[in-house]
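Participant: Below you'll find the structure I mean.
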Amino acid sequence: MAELFGLIDRLAVGERLSHGELVSLIDERTPETAAYLAEKAVSVRKAIYGNTVYIRGLIEVSNICKNDCLYCGIRAGNPHCDRYRLTEEDILSACAEGYELGFRTFVLQGGEDGHFTDGRLTSLLRAIKAAHPDCAVTLSLGERSRESYEKLFAAGADRYLLRHETATKSHYERLHPVNLSFDNRMNCLKALREIGYQVGCGFMVGSPYQTTADIARDLAFIADFKPDMCGIGPFIPHKDTVFADFTAGTVELTCYLLSIIRLIHPPVLLPATTALGTIHPEGRELGILSGANVVMPNLSPPSVRKKYMLYNDKVSDGAESAQSKDELVRRMTAIGYEVVTARGDVKSCNSTNSHKGGSI
Ligand code: SAM
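First residue of the sequence shown? That's 18 in my numbering, and the numbers climb one at a time after it.
Listed below in structure tokens is the structure:
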């Protein structure tokens, strides 16, 4: 165990660990190493972001999806999913409400719904930017062509979240149908970076068939790619998917990995995700106390929130709801953090200055 403290010290001074060292750091963890790791991660996070927590208003624009990802509740093959799609008017009024509540980033997330053509999205982006020029817009709409990403960027999109899901090709193939390819996912991330977006990758913790070696490869990928954002949350089964009977990932391992990611890439914007808030009533707080610095409350119209059911019992009320921002503020204040009204862009420091050279 003494050796693990040494590995954590090396991570904290910016050294890169080998694959075997990352595997040991995960497999041999104890409550003591987790506490030490979290302490280092929080101190690195505070040096860059202080005690501020950035908030993003998450607007779930559609649960219609052409893909059949094996883990996902809104997969095309789920006949029990009650489908919906927001109109441009719905989305603009959610942004207006979010602005009043103090949100300065809107995240438009959804399934791969063919209705959202480049034409419709560029007109929507221009309208959001005209109404709220001081806000950032993040898109999370899955895989599109490079030309499409270019048009959306030119129309005002600032950031793009596209979880890589797993950095191990054979594992990717066990989580997805044959028409979805690991190489295309990676190429999309590369294109987004080249176009100039702030780019987010990420993965599920405890996804079916995931091994510690897979997680170590995810961490190595993050060290190479140096994403501006990284979304990790526990896998949670959904009753209408082939993975219905698989076990969920844990809060404990998710928090441990949040701390490692903070040390591997200090400036990363790291959310304490909804999935973390779903499997534990204080998941958001535990994530922040492990080194996360972002939360993304739900700003979708209340009538559709229960329909964007990616996994069983996904939470969308209480501190998960944008309208309950006061509760979120109270909860963050109680653990010594401050929710701020800001776009919350990634801060550059020495390690981000080199990110343009990051490889995939
Ligand atoms: N369609 C877009 C995409 O593929 O990036 C965005 C929407 S997708 C539903 C957003 C994320 O939800 C996925 O990247 C995945 O990691 C996560 N997700 C889906 N099903 C999940 C599950 N059962 N448990 C935890 N996270 C899940």
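Where a beta carbon is used, it is the ideal one built from N, C-alpha and C, also for glycine.
Tell me whether P314 sits in a helix, a strand or coil according to DSSP, three-state version.
Facilitator: On the sequence shown, residue 314 is found 297 positions in, with the first residue counted as 1. Coil, per DSSP.
Participant: Taking three-plus beta-carbon pairs below 8 Å as touching, is the segment 279-286 in contact with the segment 326-335?
Facilitator: With the cut-off at 8 Å, the segment 279-286 and the segment 326-335 do not touch.
Participant: If you reduce the DSSP assignment to three classes, tell me which class R121 lands in.
Facilitator: Mapped onto the sequence shown, residue 121 falls at position 104. The answer is coil: DSSP assigns R121 none of H, G, I, E or B.
Participant: Just to confirm, does S157 get its C-beta within under 7 Å of one of the non-hydrogen atoms of the ligand SAM?
Facilitator: Here residue 157 refers to the residue found at position 140 of the sequence shown. Yes, the Cβ of S157 comes within 7 Å of a heavy atom of the ligand SAM.
Participant: Please return the same chain residues whose Cβ sits closer than 7 Å to the Cβ of C205, not counting the five positions on each side in sequence.
Facilitator: Here residue 205 refers to the residue found at position 188 of the sequence shown. Contacts found: E160 and L179.
Participant: Cα separation between V78 and E105?
Facilitator: Working through the sequence shown from its first residue, we reach residue 78 at position 61. Working through the sequence shown from its first residue, we reach residue 105 at position 88. Going from the Cα of V78 to the Cα of E105 covers about 9 Å.
Participant: Where do the ends of the beta strand (DSSP E) carrying T155 lie?
Facilitator: Residue mapping note: residue 155 aligns to position 138 of the sequence shown, counting from 1. Here the beta strand (DSSP E) through T155 covers A153 to S157.
Participant: What is the rounded straight-line gap between the Cα of V259 and the Cα of C86?
Facilitator: In the sequence shown, the residue the question calls residue 259 occupies position 242. In the sequence shown, the residue the question calls residue 86 occupies position 69. Their Cα atoms are separated by approximately 10 Å.
Participant: Starting from C205, trace the alpha helix (DSSP H) both ways and give me its first and last residue.
Facilitator: On the sequence shown, position 188 is the one that residue 205 refers to. Element bounds for C205: F199 to I212.
Participant: I believe L34 touches L21 by the beta-carbon criterion, under 8 Å. Please report the beta-carbon distance rounded to the nearest angstrom.
Facilitator: Position 17 of the sequence shown holds residue 34. Position 4 of the sequence shown holds residue 21. Their Cβ separation, rounded to whole angstroms, is 11 Å, which puts L34 and L21 out of contact at 8 Å.
Participant: Within the same chain, show all residues whose beta-carbon is closer than 7 Å to that of G248, passing over the 5 residues directly before and after it, in chain order.
Facilitator: Position 231 of the sequence shown, counted from the start, is the residue given in the question as residue 248. Excluding positions up to five away in sequence, the list reads L178, R180, G217, G219, P288 and T290.
Participant: Could you say which of S162, C82 and Y88 lies nearest to H193 if we only look at CA atoms?
Facilitator: Position 176 of the sequence shown, counting from 1, holds the residue named residue 193. Among S162, C82 and Y88, the Cα nearest to that of H193 belongs to Y88.
Participant: If distances are taken between C-alpha atoms only, which option among A172, E114, G115 and L274 comes closest to Y53?
Facilitator: Counting from one through the sequence shown, the residue named residue 53 turns up at place 36. It is L274 whose Cα lies nearest to the Cα of Y53.
Participant: List the endpoints of the continuous alpha helix (DSSP H) containing Y273.
Facilitator: Here residue 273 refers to the residue found at position 256 when the sequence shown is read from its first residue. Unbroken alpha helix (DSSP H) run through Y273: V268 to I281.
Participant: In whole angstroms, what is the alpha-carbon distance linking Y66 and P96?
Facilitator: By one-based count along the sequence shown, residue 66 stands at place 49. By one-based count along the sequence shown, residue 96 stands at place 79. Cα to Cα, the separation comes out at about 44 Å.
Participant: What number of angstroms, rounded off, separates the C-alpha of P225 from the C-alpha of F263?
Facilitator: Taking the first residue of the sequence shown as position 1, residue 225 is located at position 208. Taking the first residue of the sequence shown as position 1, residue 263 is located at position 246. Spanning the two alpha carbons is a distance of roughly 7 Å.
Participant: If Y71 sits next to V311, beta carbons under 8 Å apart, how far is it from one beta carbon to the other, in whole angstroms?
Facilitator: The count along the sequence shown starts at 1 and reaches residue 71 at position 54. The count along the sequence shown starts at 1 and reaches residue 311 at position 294. With 8 Å as the limit, Y71 and V311 qualify as a contact, their Cβ atoms being about 5 Å apart.
Participant: Note down, in chain order, each residue of its chain lying with its Cβ closer than 6 Å to the Cβ of R163, except the 5 sequence neighbours on either side.
Facilitator: For this step, residue 163 is matched to residue 146 along the sequence shown. The residues are A208.
Participant: According to the Cβ coordinates, are A292 and V40 closer than 8 Å?
Facilitator: Walking along the sequence shown from the start, residue 292 turns up at place 275. Walking along the sequence shown from the start, residue 40 turns up at place 23. No; because the gap between Cβ atoms is not below 8 Å, this pair is not in contact.
Participant: Using a 10 Å radius around the Cβ and a threshold of 16 neighbouring Cβ atoms, would you call T185 buried or exposed?
Facilitator: Your numbering for residue 185 matches position 168 in the sequence shown. Classification for T185: buried.
Participant: Using the Cα positions of R46 and K168, report the straight-line distance between them to the nearest angstrom.
Facilitator: Numbered from its first residue, the sequence shown carries residue 46 at position 29. Numbered from its first residue, the sequence shown carries residue 168 at position 151. Rounded to the nearest angstrom, the two C-alpha atoms are 45 Å apart.
Participant: Under three-state DSSP, which class holds E355?
Facilitator: Position 338 of the sequence shown, counting from 1, holds the residue named residue 355. It is a strand residue.
Participant: Sort out for me which residues DSSP pairs Q126 with in a bridge.
Facilitator: By one-based count along the sequence shown, residue 126 stands at place 109. DSSP output for Q126 lists E77 and S157 as bridge partner(s).
Participant: What distance in whole Å lies between the Cβ atoms of A113 and A58, which are believed to be in contact at a cut-off of 8 Å?
Facilitator: Residue mapping note: residue 58 aligns to position 41 of the sequence shown, counting from 1. Residue mapping note: residue 113 aligns to position 96 of the sequence shown, counting from 1. Actually they are not in contact, since the Cβ atoms of A58 and A113 sit about 36 Å apart, beyond 8 Å.
Participant: Taking a contact to mean a Cβ-Cβ separation below 8 Å, would you say Q215 touches D241 in this structure?
Facilitator: As a working mapping, residue 215 is identified with position 198 in the sequence shown. As a working mapping, residue 241 is identified with position 224 in the sequence shown. No.
Participant: What separation, rounded to the nearest whole angstrom, lies between the Cα atoms of S320 and H255?
Facilitator: Residue mapping note: residue 320 aligns to position 303 of the sequence shown, counting from 1. Residue mapping note: residue 255 aligns to position 238 of the sequence shown, counting from 1. Taking the straight line from one Cα to the other gives about 21 Å.
Participant: Short of 8 Å in beta carbon distance, which residues of its chain neighbour N201, apart from the five on each side in sequence? Order them along the chain.
Facilitator: Residue 201 sits at position 184 when you count from the first residue of the sequence shown. Here the set comprises E160.
Participant: Can you tell me which of G128, V332 and A265 puts its alpha carbon nearest to the alpha carbon of R301?
Facilitator: For the purposes of this step, residue 301 is taken as the residue at position 284 of the sequence shown. Minimum Cα distance to R301 is reached at V332.
Participant: According to the Cβ coordinates, are M349 and I296 closer than 8 Å?
Facilitator: In the sequence shown, the residue the question calls residue 349 occupies position 332. In the sequence shown, the residue the question calls residue 296 occupies position 279. Cβ distance not < 8 Å, so M349 and I296 don't count as in contact.
Participant: How should R210 be labelled, buried or exposed, when 16 other C-beta atoms within 10 angstroms of its C-beta is the threshold for buried?
Facilitator: What you label residue 210 is simply residue 193 of the sequence shown in a count that begins at 1. The residue is buried, with at least 16 neighbouring Cβ atoms inside 10 Å.
Participant: Is the distance from the Cβ of G68 to the Cβ of E129 below 8 Å?
Facilitator: In the sequence shown, the residue the question calls residue 68 occupies position 51. In the sequence shown, the residue the question calls residue 129 occupies position 112. The amino acid at residue 68 is misidentified as Gly; the sequence shows Asn. No; because the gap between Cβ atoms is not below 8 Å, this pair is not in contact.
Participant: Just verifying my parser: in three-state terms, what is the DSSP assignment at E299?
Facilitator: Here residue 299 is taken as the residue at index 282 of the sequence shown, counted from 1. Of the three classes helix, strand and coil, the one that applies to E299 here is coil, per DSSP.
Participant: Would P314 pass as a contact of G74 if the rule is Cβ separation under 8 Å?
Facilitator: One-based indexing of the sequence shown puts residue 314 at position 297. One-based indexing of the sequence shown puts residue 74 at position 57. It is a contact, given that the beta carbons lie within the stated cut-off.
Participant: Rounding to the nearest angstrom, what Cα-Cα distance links G335 and E344 in this structure?
Facilitator: The count along the sequence shown starts at 1 and reaches residue 335 at position 318. The count along the sequence shown starts at 1 and reaches residue 344 at position 327. Going by the C-alpha atoms only, they are around 7 Å apart.
Participant: Apply the 10 Å Cβ neighbour rule to G90 and answer buried if 16 or more other Cβ atoms are within range, or exposed otherwise.
Facilitator: Here residue 90 refers to the residue found at position 73 when the sequence shown is read from its first residue. Buried: at least 16 other Cβ atoms inside 10 Å.
Participant: Quick check on the DSSP output: what are the complete beta strand (DSSP E) runs of length 3 or more inside the segment 24-94, in order along the chain?
Facilitator: List check, beta strand (DSSP E) in window: 69-72 and 74-79.
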